[in-house]
Each structure stands twice: as C-alpha cells, then as structure tokens.
Ligand code: GTQ
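In the UniProt record's numbering, the protein residues as written are 1 to 318.
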C-alpha cells in the first residue's frame with residue numbers, strides 16, 4: 001500500500017504549499033538526464049546476450065537503454081529505446097500491442113520485419129513502423145547478426161495505463177514479401193539522405209522530419225513519437241535549438257559532438273559521438289551539433305516526442 005499522507009488530523013490529504021515549486025516549476029523540469037550509449041560498449045553486451053538467451057525464449061532480445069535517473073522503460077521522460085538483436089535463422093515471435101514502435105536499422109542484412117502480412121526487408125538506415133495493434137514478427141535470413149534501435153512510446157503508458165499485448169498462435173504471422181520493397185511502413189535511408197543533401201553547397205545544416213507518406217505535409221509517424229534526421233557539414237556546427245521535446249539521438253554516419261545544456265543546469269555537456277552511438281537529450285535542453293570530420297557530412301537520426309508535445313499544445317521553442 002502507498003504510504004499514507006495526512007495533515008491537520010485529516011487522512012489522505014497533503015499540503016500543496018510545501019511542494020508547489022516542484023509541481024509548478026519555473027521552467028520545464030525533466031527527470032531524465034543526458035546519457036550516452038557508445039556502440040563499442042553496448043554491442044559486445046548485446047552479442048553476449050545472443051549466447052545467453054534465444055530470440056524465441058526472450059520474445060524480444062533487447063538491451064533497453066535505461067536512463068539512470070528513471071530506469072526502464074525510460075530512455076527520456078517520454079521515449080523508450082532499446083537495441084534489439086536477431087541472430088541468423090532466428091525469429092522474434094509474432095505479437096501485437098497498443099504501443100507504437102519504430103525501428104532504425106543499425107547493422108546486418110537480409111533481416112525482416114513482417115507487419116500485418118507485409119514482409120519488409122531491412123537495411124542499415126531504414127526506418128520500419130509498427131503501428132498500434134498491428135501483428136509483427138522479426139527474422140534474420142542473412143549470414144550475420146541483425147541489430148536495430150527500437151523506439152516505443154512505452155513511458156506514455158505509465159500515466160495512461162492502457163497498453164496491452166497479445167501473442168499470435170504461431171511464431172510467424174502469415175506474410176508476403178512486399179513487391180518492389182516499397183511500403184508506407186518503411187522509409188529507406190536513401191530518401192532521407194536525398195532530402196538532407198538538397199542544396200548541400202549552400203546549407204551546412206539540414207533537418208528532415210519523418211512524416212507518413214514521405215511529403216512535408218504528412219502526419220507524424222504516430223500520434224505519440226516520431227523521428228527526424230539531421231545533416232552537419234564537416235567543420236561546422238548547427239545553430240543552438242531548444243524545444244519542449246526530448247530526443248534519443250543515434251549517429252548514422254560521421255563523427256562529431258553535441259553540446260547540451262539541460263534545463264536548469266548551467267553546465268554545458270559535450271557528447272562525443274561516432275557512427276552507431278546513441279544518446280538521450282531531455283526536453284527543453286539547448287542543443288547544438290558539430291561535425292569534426294575533415295570533409296563530408298555527419299548524419300544523426302533521432303526519435304522524438306514531437307507528436308504528443310504538439311498535439312497537446314505544449315510546443316515551445318527558442
Ligand atoms: O519489438 O515489439 O524493444 O514490444 C520493447 C517492447 C521491442 C517489439 C522493444 C516491444 C518490442
């Protein structure tokens with residue numbers, strides 16, 4: 001049972017005036033902190049999990065990226081992320097849940113996600129969507145481990161406890177390979193990079209917001225979480241931005257660092273990254289990305305909570 005509160009001889013009441021500043025703070029006040037998951041550290045652990053537990057047994061063989069202040073399922077206050085491994089020949093059995101999931105493919109070839117009968121092959125940099133309540137299973141028909149970043153809206157269900165799941169009666173939901181590989185549920189990296197690289201000479205920085213249907217006026221990838229990609233030219237930095245969104249960043253290509261000032265903190269944190277590293281950025285952080293390559297471009301992918309922040313009328317930016 002929860003601890004009892006009382007005041008003035010009355011049970012189950014508590015004085016607001018002792019906590020008002022915490023409940024109604026002078027600025028956005030996320031609990032999560034900037035955290036980094038260098039791929040060089042996570043990958044060996046993930047590979048080790050491959051010899052400890054099978055994908056079938058684990059159902060989803062994932063190392064969750066847990067924010068140290070909050071634990072699972074929080075990577076930021078609103079976003080869950082994890083790195084999932086499927087070894088050659090394995091299947092992660094079919095299930096469906098209320099939670100929305102997106103995946104960003106990190107390594108491997110000839111892996112697939114089947115979503116409601118559509119079998120989608122996955123390549124590095126692809127984003128694959130699993131909308132709420134769609135049957136999905138994963139498999140690896142290639143010769144090497146398949147690893148991807150899962151992004152889900154699981155923290156939402158801590159205050160809206162309506163997420164639930166169902167297992168399919170068989171490991172795989174019947175699916176057919178999608179002809180030509182094109183599906184509204186798959187956004188290949190090439191289309192994203194093409195957008196980011198438009199006017200490469202004139203713009204040292206570009207941001208692409210993933211939207212359903214690919215255009216700039218489509219809906220966000222879900223009603224809770226979505227994604228963006230950013231390009232930074234060698235030797236340059238992006239302008240500093242501050243939004244009431246939180247982010248799980250994942251470096252796709254290149255090298256650089258991000259400077260982050262979390263809300264309320266004076267201190268600037270410098271996060272060094274290279275391809276395949278992941279880091280979390282709490283809401284209302286000031287953030288700027290620098291590419292330290294001698295030439296070329298760095299590309300960052302990020303899961304964000306923009307849809308819910310916008311739809312609730314909570315979007316603020318500097
Ligand atoms: O692939 O369905 O990382 O349900 C966490 C929960 C992945 C999934 C996760 C999930 C999934």
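Glycine included, every Cβ here is placed at the ideal spot set by N, Cα and C.
Between the CA atoms of residue j and residue i - distance to the nearest angstrom
| i | j | result |
| --- | --- | --- |
| residue 278 | residue 46 | 14 Å |
| residue 275 | residue 253 | 5 Å |
| residue 245 | residue 286 | 11 Å |
| residue 147 | residue 30 | 29 Å |
| residue 111 | residue 43 | 18 Å |
| residue 187 | residue 126 | 6 Å |
| residue 214 | residue 17 | 49 Å |
| residue 310 | residue 216 | 16 Å |
| residue 53 | residue 140 | 16 Å |
| residue 243 | residue 132 | 26 Å |
| residue 150 | residue 290 | 25 Å |
| residue 315 | residue 226 | 14 Å |
| residue 155 | residue 67 | 12 Å |
| residue 191 | residue 197 | 10 Å |
| residue 128 | residue 318 | 31 Å |
| residue 23 | residue 77 | 16 Å |
| residue 90 | residue 293 | 38 Å |
| residue 86 | residue 313 | 39 Å |
| residue 195 | residue 241 | 21 Å |
| residue 25 | residue 62 | 35 Å |
| residue 297 | residue 258 | 15 Å |
Distance between beta carbons of residue j and residue i, contact taken as under 8 Å
| i | j | result |
| --- | --- | --- |
| residue 106 | residue 271 | About 18 Å separates the two Cβ atoms, so there is no contact after all. |
| residue 172 | residue 137 | 5 Å |
| residue 207 | residue 193 | No, residue 207 and residue 193 are not in contact; Cβ-Cβ is about 13 Å, not under 8 Å. |
| residue 144 | residue 88 | 7 Å |
| residue 237 | residue 288 | 6 Å |
| residue 41 | residue 70 | Not quite, the Cβ-Cβ distance comes to about 20 Å (not below 8 Å), so this is no contact. |
| residue 284 | residue 256 | 22 Å between Cβ atoms; not a contact. |
| residue 322 | residue 180 | No statement about residue 322 is possible, as the shown extent of the chain runs from 1 to 318 and does not include it. |
Segment limits, alpha helix (DSSP H) that includes residue i
| i | result |
| --- | --- |
| residue 40 | 39-52 |
| residue 20 | 20-23 |
| residue 309 | 306-311 |
| residue 194 | 189-196 |
| residue 159 | 156-159 |
| residue 58 | 55-58 |
Proximal residues to residue i (C-beta, below 7 Å), its chain only, five neighbours per side dropped
| i | result |
| --- | --- |
| residue 60 | 84 and 92 |
| residue 219 | 211 and 212 |
| residue 166 | 95 and 96 |
| residue 295 | 234 |
| residue 7 | 13, 14 and 15 |
| residue 307 | 220, 222, 223, 224, 225 and 226 |
| residue 11 | 4 |
Other residues of its chain near residue i: CB distance less than 6 Å, five sequence neighbours each side excluded
| i | result |
| --- | --- |
| residue 248 | 75, 79, 81, 280 and 303 |
| residue 261 | 268 and 286 |
| residue 37 | 65 and 278 |
| residue 175 | 114, 117 and 119 |
| residue 39 | 276 and 277 |
| residue 157 | 163 |
| residue 152 | 80, 99 and 101 |
| residue 300 | 230, 249 and 251 |
| residue 204 | 233 and 236 |
| residue 185 | 115 and 129 |
| residue 72 | 64 and 66 |
| residue 177 | 119 |
| residue 50 | 85 and 87 |
| residue 103 | 128, 148 and 150 |
Sequence-distant residues of the same chain with beta carbon closer than 8 Å to residue i, five excluded per side
| i | result |
| --- | --- |
| residue 162 | 98 |
| residue 164 | 97 and 98 |
| residue 201 | none |
| residue 123 | 105, 109, 188 and 189 |
| residue 142 | 88, 108, 109, 110 and 111 |
| residue 263 | 27, 28, 29, 30, 282, 283, 284 and 285 |
N-terminal and C-terminal residue of the beta strand (DSSP E) that residue i is part of
| i | result |
| --- | --- |
| residue 93 | 91-97 |
| residue 166 | 165-167 |
| residue 270 | 269-274 |
| residue 63 | 62-64 |
| residue 245 | Neither: residue 245 is in no beta strand (DSSP E) and is coded neither H nor E. |
| residue 319 | No answer is possible for residue 319: it lies beyond the span of the chain, which begins at 1 and ends at 318. |
| residue 74 | First-last for residue 74: undefined, no H or E at that position. |
| residue 138 | 136-140 |
| residue 220 | Unbroken run through residue 220: none, as it is neither H nor E. |
| residue 287 | 286-291 |
| residue 150 | 146-152 |
| residue 118 | 118-122 |
| residue 33 | Residue 33 -> no beta strand (DSSP E), and no H or E assigned at all. |
Closer than 8 Å: residue i CB and nearest the ligand GDP heavy atom
| i | result |
| --- | --- |
| residue 82 | Looking at this structure, you won't find the ligand GDP anywhere; what it does contain is the ligand GTQ. |
Chain C contact for residue i (CB, 9 Å cutoff)
| i | result |
| --- | --- |
| residue 208 | Here chain C cannot be found, since the structure has a single protein chain. |
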